[in-house]
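*Asks:* In this note's numbering, the protein residues as written are 8 to 94.
Beta carbons are placed, not taken as given, at the ideal position from N, Cα and C, and that holds for glycine.
Before we start, here is the structure in question, set down as structure tokens.
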């Protein structure tokens with residue numbers, strides 16, 4: 008949603024990586040740590056999906072869910088503040 012609000016669409020090879028990099032540009036330094044964590048999760052998912060099952064622990068999964076929920080709230084707040092017509 009952040010990228011779409013800024014008028015862009017990420018597609019094709021490397022789209023997920025590009026999305027997390029663009030988040031930093033769109034949302035600023037406050038999102039760097041979260042974007043990095045989400046990119047690490049993306050890489051782990053690729054390993055789990057394509058190389059070996061069971062690579063992600065239950066604790067890591069719980070942390071991913073926690074960060075994703077927090078990130079969702081931050082994005083909603085960012086959209087309301089920067090693009091109120093989309094709310």
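If you check the beta carbons only, do residue 27 and residue 46 fall under 8 angstroms apart?
*Replies:* Result yes, Cβ atoms of residue 27 and residue 46 sit closer than 8 angstroms.
*Asks:* Could you check if residue 42 is buried or exposed, using at least 16 other CB atoms within 10 Å of its CB as the buried criterion?
*Replies:* Looking at its Cβ environment, which holds 16 or more other Cβ atoms inside 10 Å, residue 42 is buried.
*Asks:* Are residue 8 and residue 82 close, meaning C-beta to C-beta below 8 angstroms?
*Replies:* Closer than 8 angstroms, so yes.
*Asks:* Pull up the distance between the alpha-carbon of residue 32 and that of residue 62, whole angstroms please.
*Replies:* Whole-angstrom Cα-Cα distance: 31 angstroms.
*Asks:* For the alpha helix (DSSP H) containing residue 18, list its first residue and its last residue.
*Replies:* No alpha helix (DSSP H) contains residue 18, which DSSP labels as neither H nor E.
*Asks:* Taking the alpha-carbon positions, what's the residue 53 to residue 23 distance?
*Replies:* Distance between the alpha carbons of residue 53 and residue 23 is about 11 angstroms.
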